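The opening position of the sequence shown corresponds to residue 5 in our numbering, with each subsequent residue numbered one higher. A short write-up of the structure that comes next.
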Amino acid sequence: MDPARIIGIAIVGANGVIGDGDRQPFEIAEDWARFKRVTSGHPLIMGRRTHDAIGRWLPGRTTIVVTRTPEAVELPAGGRPAGHAVGSLEAAFDLAGSLDDVVYVAGGGTIYEQAWERLTDLDLTEVHAEAEGSVRLPPIHPDAWVEVSREPRDGFDFVSYRRR
Ligand SMILES: NC(=O)c1ccc[n+]([C@@H]2O[C@H](COP(=O)([O-])OP(=O)(O)OC[C@H]3O[C@@H](n4cnc5c(N)ncnc54)[C@H](OP(=O)(O)O)[C@@H]3O)[C@@H](O)[C@H]2O)c1
């Protein structure tokens, strides 16, 4: 059974772009601090390319890396920070759901796309500028999502959506 809440978290340009190759186009300190705060204590599912781009296991939460070759992922030494590698998105949801009722999905493009229909919530940092890149978030259709909060900042908003 899926966890009660599966929250997609991303920082996204006004044109829907979230990445350019392996690069994440936005570097906003307040966004990263908030990402850390809201995801801490919860399982965080991410694709292998996003994990490689981050380049380390994040403290304070359990990262579940999705890859077709889990045996090739170097797990955190001594089991801390907590990290796992699994061979399918299904296995990631099973593991995450066994750990917590609230699970975050942190991208990248392939993972958002495959997980999209199962997401119950979106926690987005919507940047008021377009970005270069071909990795995009699926469109947020108003018939599927209702905006529940918006916190304006300088040049971006923290926005949450709930599935209708
Ligand atoms: N703006 C944001 O908030 C945000 C957040 C995250 C990422 N990003 C950006 O997104 C981009 C990366 O996204 P991406 O789409 O290229 O890569 P990704 O989704 O991070 O990772 C793709 C990899 O995940 C594994 N994978 C995907 N689906 C799988 C499945 N069903 N079963 C098993 N393994 C599976 C495969 O790993 P293997 O090749 O190892 O098999 C695949 O190559 C970067 O530009 C990054 O900066 C942006």
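Cβ coordinates follow ideal geometry from the N, Cα and C atoms, glycine included. For clarity, every value in this text was computed on a predicted model and none was experimentally measured.
Does the distance from the CB of residue i to the CB of residue j come in under 8 Å?
{"i": "R157", "j": "V163", "result": "no"}
{"i": "A148", "j": "R167", "result": "yes"}
{"i": "A18", "j": "L141", "result": "no"}
{"i": "R9", "j": "T124", "result": "yes"}
{"i": "I68", "j": "P47", "result": "yes"}
Which stretch, first to last residue, makes up the alpha helix (DSSP H) that contains residue i?
{"i": "L93", "result": "93-103"}
{"i": "D35", "result": "33-43"}
{"i": "G113", "result": "113-119"}
So the candidates are the options; which of them puts its Cα closest to the Cα of residue i?
{"i": "G91", "options": "Y108, G83, P80, I115", "result": "I115"}
{"i": "M5", "options": "G111, G101, V107, G45", "result": "G101"}
{"i": "R41", "options": "T54, P63, R52, P29", "result": "P63"}
{"i": "W61", "options": "V77, W36, T71, G87", "result": "G87"}
Assuming residue i and residue j make a contact with CB atoms under 8 Å, what is their CB distance in whole Å?
{"i": "V109", "j": "I49", "result": "5 Å"}
{"i": "V131", "j": "F30", "result": "6 Å"}
{"i": "L103", "j": "A119", "result": "That belief does not hold up - the Cβ atoms of L103 and A119 are roughly 17 Å apart, past 8 Å."}
Which residue comes first and which comes last in the beta strand (DSSP E) that contains residue i?
{"i": "T129", "result": "125-131"}
{"i": "I49", "result": "47-51"}
- Completely contained alpha helix (DSSP H) runs for the stretch 61-97, where each covers 4 or more residues: The alpha helix (DSSP H) runs lying completely inside the stretch 61-97 and spanning 4 residues or more number zero.
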